[in-house]
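Number of protein chains: 4
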Amino acid sequence: SRPFTLLGGVNVLESEQFAMDVAGVYCEVCARLGIPLVFKASYDKANRSSIHSFRGPGIEEGLRILARIKSEYGVAVISDVHSPTEAAPAAEICDIIQLPAFLARQTDLVAAMAATGAAINIKKPQFLSPAQMTNVVEKFRECGNDRLMLCERGTMFGYDNLVVDMLGFDVMRKSCGNIPLIFDVTHALQCRDPMGAASGGRRSQVAELARAGLAVGLAGLFLEAHPEPDKALCDGPSALPLHRLEDFLTQARAIDEVVKQLPPLAID
Amino acid sequence: SRPFTLLGGVNVLESEQFAMDVAGVYCEVCARLGIPLVFKASYDKANRSSIHSFRGPGIEEGLRILARIKSEYGVAVISDVHSPTEAAPAAEICDIIQLPAFLARQTDLVAAMAATGAAINIKKPQFLSPAQMTNVVEKFRECGNDRLMLCERGTMFGYDNLVVDMLGFDVMRKSCGNIPLIFDVTHALQCRDPMGAASGGRRSQVAELARAGLAVGLAGLFLEAHPEPDKALCDGPSALPLHRLEDFLTQARAIDEVVKQLPPLAID
Amino acid sequence: SRPFTLLGGVNVLESEQFAMDVAGVYCEVCARLGIPLVFKASYDKANRSSIHSFRGPGIEEGLRILARIKSEYGVAVISDVHSPTEAAPAAEICDIIQLPAFLARQTDLVAAMAATGAAINIKKPQFLSPAQMTNVVEKFRECGNDRLMLCERGTMFGYDNLVVDMLGFDVMRKSCGNIPLIFDVTHALQCRDPMGAASGGRRSQVAELARAGLAVGLAGLFLEAHPEPDKALCDGPSALPLHRLEDFLTQARAIDEVVKQLPPLAID
Amino acid sequence: SRPFTLLGGVNVLESEQFAMDVAGVYCEVCARLGIPLVFKASYDKANRSSIHSFRGPGIEEGLRILARIKSEYGVAVISDVHSPTEAAPAAEICDIIQLPAFLARQTDLVAAMAATGAAINIKKPQFLSPAQMTNVVEKFRECGNDRLMLCERGTMFGYDNLVVDMLGFDVMRKSCGNIPLIFDVTHALQCRDPMGAASGGRRSQVAELARAGLAVGLAGLFLEAHPEPDKALCDGPSALPLHRLEDFLTQARAIDEVVKQLPPLAID
């Protein structure tokens with residue numbers, strides 16, 4: 287059985303040097319641990335709570351940076367697209383393009399992404415049930431693209447809070463034809479101060495939540511880290527401190543290995 | 287005190303004749319009851335669950351139909367926009383342009399809509415708390431547009447279900463500087479069969495839910511009706527049967543009138 | 287059509303004089319407004335968060351006080367019972383005995399309460415769906431008691447928060463054979479500071495929430511008031527200040543009257 | 287580090303022979319796997335949805351059966367108590383007595399259970415947040431009993447459904463002074479058909495949910511099994527088929543072992 291793939295990187299391309307440095311750490315650690323890596327970074331944060339928040343370098347500059355990372359480190363890359371016109375250029379550089387959770391039902395975006403032929407990471411919206419994801423998956427398939435993976439990132443639980451329903455993975459697997467399942471552990475840690483203009487997080491719990499998800503048996507783990515989470519330009523409260531990456535992945539791998547060695551246990 | 291405004295119409299422009307006919311009924315009934323009307327119809331359903339679902343006539347043809355309704359009936363019109371490029375043409379025809387719930391945090395769309403100078407109906411996403419709406423409102427204000435209204439349409443409550451938190455209206459009013467509040471009663475009735483590819487609804491409860499919302503004290507009611515809900519091309523399960531429009535609005539007006547005559551009751 | 291009945295009073299019998307004084311105000315205001323009153327007070331708060339919290343005078347002394355209120359003011363009374371042995375003595379004094387929400391599925395308590403032949407107010411638990419209430423109602427009926435009413439007091443919505451689902455009333459009405467429906471507006475206002483040892487509340491919103499509930503069309507309203515909510519021994523944060531009782535009930539009555547004059551509006 | 291303890295057994299004492307047989311299987315399997323066992327069985331199901339449902343043999347007969355199991359198999363036993371008077375007799379036989387979730391805030395029951403000096407398994411109610419459990423724990427400690435463990439069994443998520451919030455374990459651990467944490471995996475699988483009179487379940491997912499919980503790092507696992515779940519007198523839909531017990535526990539132990547060998551990973 288195969289080890290999990292890490293879709294790991296940073297929330298947003300804070301700068302070219304920042305991205306190169308962090309990508310270097312990811313590549314080194316993953317090589318040491320034997321974990322396949324796809325480096326993740328956003329070039330545009332298109333739905334920040336506040337208009338004053340940092341959005342990133344934009345698609346042109348962002349894809350240039352991702353292309354450099356890809357070529358210098360020999361690593362696959364993934365980024366998220368936010369409008370139909372972004373799909374084709376992003377797919378030229380990225381090995382996987384990602385459908386954002388809030389946009390998961392926008393048909394034109396789905397169609398444009400599907401048409402690239404790229405592999406697609408579908409983020410499950412916080413507002414959809416696991417069973418409903420089959421509709422999103424079917425849209426891609428109807429558009430001729432079946433290189434799909436589904437990524438859990440938590441479900442709305444009351445106001446300003448998320449919960450990860452561990453039973454949802456298997457519901458999605460069964461209703462979506464054995465699709466590869468990814469767990470976005472850092473976004474699942476988001477929570478909010480009701481009146482605040484930025485999301486909060488619970489990064490101190492990232493390791494236990496990742497272990498729980500991987501214990502279900504998954505194809506991949508999605509993770510954002512930062513050298514100094516308290517200074518991150520976006521989502522620092524849920525980011526893993528980069529210097530704990532190796533210890534964190536060691537835990538994740540230990541769970542993944544033992545789960546994937548277990549014989550199947552079918553219960554009627 | 288002013289009576290509520292009805293943002294009332296149809297889910298989608300099924301055809302030109304369909305829209306003209308339904309608009310005629312709305313105009314006649316509202317005139318008889320003395321209820322100010324803004325006729326609502328979508329030209330594109332951009333986020334249907336299934337790619338096979340009917341989407342509408344598209345923006346060009348749709349705006350032409352809305353312009354005809356506006357001119358023939360002398361009624362204001364509202365429609366929803368789904369990308370930055372749609373904002374300006376929609377605002378040329380529509381008196382109010384609407385920000386869809388799933389797109390409420392897309393900064394580029396907010397900026398493009400704000401720039402039109404049109405009045406804006408902001409749909410509250412099913413995944414945001416009332417207190418968080420101040421961030422969306424602030425984005426519009428920072429972009430120079432303060433002709434805003436906020437529209438409740440239910441909040442995710444477990445999987446495949448919505449609930450309307452009647453306490454949320456006042457939270458939004460207070461945190462958003464006395465903004466006009468609208469209640470979209472028909473979308474709030476949506477629910478889902480977990481494995482289904484179309485939303486369900488509870489239209490038999492539309493009158494009681496509308497009365498409850500109006501009893502809080504609101505600026506407007508948002509409503510979709512259909513001559514034959516079971517044959518509607520979208521959201522029939524939550525649509526009011528058009529022939530009950532007058533009875534329904536009579537109830538709504540009765541509650542609205544009594545609430546707006548009540549003296550204020552401040553409780554510390 | 288009949289006006290709503292007020293199940294109104296205090297959270298707990300803080301002292302005999304306190305209860306007499308508050309009951310006097312209730313009786314006077316309700317007589318003036320023509321609202322039928324059942325005076326409510328608890329003799330024991332059996333499930334406080336903290337063991338140090340005030341629990342009340344106990345059943346013997348408490349029932350003596352309620353009997354005095356009943357005889358001096360000529361008003362019906364209601365109180366809640368917490369164990370099978372309390373049912374019979376409580377039913378000797380009280381016109382209605384109440385099944386607490388957390389205990390709504392304890393079969394022995396249901397059987398003992400049913401056996402008294404008293405009218406029963408069933409509090410809907412925060413953790414049960416409206417459709418599930420038919421099981422509780424059926425238990426009473428199987429035990430030979432059909433003098434039942436069902437009381438909504440909010441449903442758990444995420445952690446430490448409640449929401450009132452206005453659609454639930456009709457679900458209960460239909461699934462429970464047209465049972466009289468009560469709305470406990472003050473308990474529905476409870477919320478919690480996650481780490482706190484006492485429940486919080488949103489009493490400033492009591493009037494709008496009561497109006498919303500009554501606009502659905504209900505048999506009764508349940509209310510707790512206090513002369514000085516900030517000094518109340520239990521649940522002050524959600525209590526109506528007693529000096530606003532008349533203004534509050536005037537609003538409630540206005541909605542109730544208009545709703546009950548509306549002709550039925552059946553929608554298929 | 288210590289392996290997890292299994293609080294494992296049956297939902298209800300269907301008969302003496304049934305209990306003896308199942309306990310025999312548990313003892314044999316746990317001995318083989320080196321898993322410490324406390325055998326669980328209820329003598330009374332005091333809160334069934336329907337009054338016609340099977341409740342069990344009652345306290346006297348039930349404790350006699352548990353005493354026999356304890357003596358014949360040399361295994362510790364646990365059962366749940368439902369009123370203050372049951373606490374002392376139950377504690378004479380049982381090594382651990384359990385506070386039911388719905389009754390977790392009933393002060394008299396807590397006090398009576400605490401007074402026995404027995405070890406206490408506190409079931410977390412479906413309606414309380416993890417942070418609120420500190421109040422229940424404090425009640426026991428104020429009553430002089432600190433032999434406590436806390437048992438997660440799912441939190442209400444919308445109507446008729448439960449979710450296990452894996453982040454809640456650590457919230458309880460930190461707010462309750464490093465208290466031992468148990469995960470009741472079979473009750474967490476309950477769900478309901480809205481109009482049904484018995485709880486449903488998702489037993490086919492029991493292994494993946496148990497693995498997820500144990501991956502967090504827990505003191506114990508709570509489990510109910512049945513030789514023929516479809517014929518069980520209570521909660522069959524969430525019961526593990528008894529003949530899969532060894533395979534199930536082998537998976538659970540594999541996760542538990544790897545988690546407890548991981549070095550601590552503190553993240554600020």
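Residue numbers (this note's numbering), protein chains in the order written: chain A, 287 to 554; chain B, 287 to 554; chain C, 287 to 554; chain D, 287 to 554.
Glycine included, every Cβ here is placed at the ideal spot set by N, Cα and C.
The structure presented is a predicted model; accordingly, all values stated were derived computationally and were not measured.
| Asked | Found |
| --- | --- |
| Test: residue 328/D CB closer than 8 Å to a CB of chain C | no |
| Cβ neighbours of residue 450/B in the same chain (closer than 6 Å, five flanking residues each side left out) | 440, 474 |
| Closer than 8 Å to chain C by CB, residue 443/A | yes |
| Neighbouring residues, chain A, relative to residue 432/D (Cβ below 7 Å) | The contacting residues do not exist; residue 432/D stays about 25 Å from chain A at best. |
| Stretch pair the region 406-421 of chain B + the region 399-408 of chain C: three plus CB contacts closer than 8 Å | no |
| Cutoff 8 Å: residue 439/B Cβ touching any chain A Cβ | no |
| Residue 540/D - containing alpha helix (DSSP H), residue span | 531-547 |
| Whole-angstrom distance between residue 356/C and residue 302/C, CA atom to CA atom | 13 Å |
| Nearest-angstrom Cα separation, counted from residue 508/A out to residue 537/A | 15 Å |
| Where the alpha helix (DSSP H) containing residue 517/B begins and where it ends | From DSSP, residue 517/B is part of no alpha helix (DSSP H); its letter is neither H nor E. |
| Distance, residue 457/A Cα to residue 438/A Cα | 12 Å |
| Nearest-angstrom beta carbon gap, residue 329/A and residue 365/A [assumed within contact, 8 Å] | 6 Å |
| Option nearest residue 531/B by Cα separation, candidates 468/C, 308/C, 552/C | 552/C |
| Beta bridge counterpart(s) of residue 468/C as assigned by DSSP | 437/C, 506/C |
| Cα-Cα separation between residue 526/C and residue 483/C, rounded to whole angstroms | 21 Å |
| Distance CB(residue 299/B)-CB(residue 348/B) smaller than 8 Å | yes |
| Strand pairing of residue 325/C, partner residues [DSSP] | 294/C, 363/C |
| Beta-carbon proximity check, residue 447/D vs residue 445/B, cutoff 8 Å | yes |
| Backbone CA spacing between residue 462/A and residue 435/A [nearest angstrom] | 10 Å |
| C-beta neighbour in chain B for residue 306/C, strict 8 Å | no |
| Meets three-Cβ-pair contact criterion under 8 Å: the region 425-432 of chain D and the region 412-431 of chain C | no |
| Residue 470/D and residue 289/D closer than 8 Å at C-beta | no |
| Candidates 443/B, 489/B, 546/B: closest to residue 521/B by CA position | 489/B |
| Residues, ordered as in the chain, of the region 447-461 of chain B that lie near chain C by beta-carbon distance below 7 Å | 449, 450, 451, 452, 453, 456 |
| DSSP beta-bridge partners of residue 409/B | 437/B |
| Min CB distance residue 494/C to chain B below 8 Å | yes |
| Close beta carbons around residue 493/B, own chain, < 7 Å, minus the five adjacent residues each side | 534, 537 |
| Assigned exposure category for residue 334/C - 16 Cβ within 10 Å defines buried | buried |
| Cα-Cα separation between residue 343/D and residue 350/D, rounded to whole angstroms | 10 Å |
| Cβ neighbours of residue 419/B in the same chain (closer than 8 Å, five flanking residues each side left out) | 408, 410, 436, 458, 461, 462 |
| Proximity of residue 379/D and residue 363/D at Cβ, strictly below 8 Å | yes |
| For residue 368/B and residue 352/B, believed in contact at Cβ under 8 Å, the rounded distance | Not quite, the Cβ-Cβ distance comes to about 15 Å (not below 8 Å), so this is no contact. |
| Per DSSP, the bridge partner or partners of residue 511/D | 526/D |
| Identified DSSP bridge partners for residue 382/B | 364/B, 405/B |
| Residues near residue 386/A by beta carbon distance below 7 Å, same chain, minus five either side | 366, 368, 409 |
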